[in-house]
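Q: So that we are looking at the same thing, I have put the structure below in structure tokens.
Next comes the structure, spelled out in structure tokens:
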């Protein structure tokens, strides 16, 4: 599968009187995301997200593949049975 991520203008975060430029990406669904991989190495800070509610851990194409598979399996056998 091909990646659906698109690069957007970066975000600027000021922490400890230092400006950090962080990449922003848009996906196929949901809000844009800020790539914080260099937050610790460049800003010497971590993020705090109790419950992991506002953090994505990776790029995933599983949901799209699962939706596509469910759509095909939901339609195919039923359509075939009706016409059999």
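Numbering (our numbering), first residue to last: 12 to 95.
The C-beta atom is built at its ideal place from N, Cα and C for all residues, glycine as well.
Quick one: grab the DSSP three-state call for residue 37.
A: Strand, per DSSP.
Q: So the candidates are 67, 65, 60, 53; which of them puts its Cα closest to the Cα of residue 26?
A: Here the closest residue by C-alpha is 53.
Q: Can you tell me the Cα-Cα spacing of residue 32 and residue 24, whole angstroms?
A: So the alpha carbons of these two residues sit roughly 7 Å apart.
Q: For residue 16, list the residues DSSP reports as bridge partners.
A: DSSP output for residue 16 lists no bridge partner at all.
Q: Leaving out five residues on either side along the sequence, give the residues of the same chain with a beta carbon under 8 Å from the beta carbon of residue 67.
A: Taken in chain order, the residues that qualify are 44.
Q: If you measure between the beta carbons of residue 34 and residue 21, is that distance less than 7 Å?
A: Yes, they are a contact pair.
Q: Could you tell me whether the Cβ atoms of residue 19 and residue 37 are closer together than 7 Å?
A: The answer is yes: Cβ separation under 7 Å.
Q: Would you identify the three-state DSSP class for residue 21, choosing helix, strand or coil?
A: Strand.
Q: Please report how far the alpha carbon of residue 46 lies from the alpha carbon of residue 29, in whole angstroms.
A: Roughly 17 Å separates the two Cα atoms.
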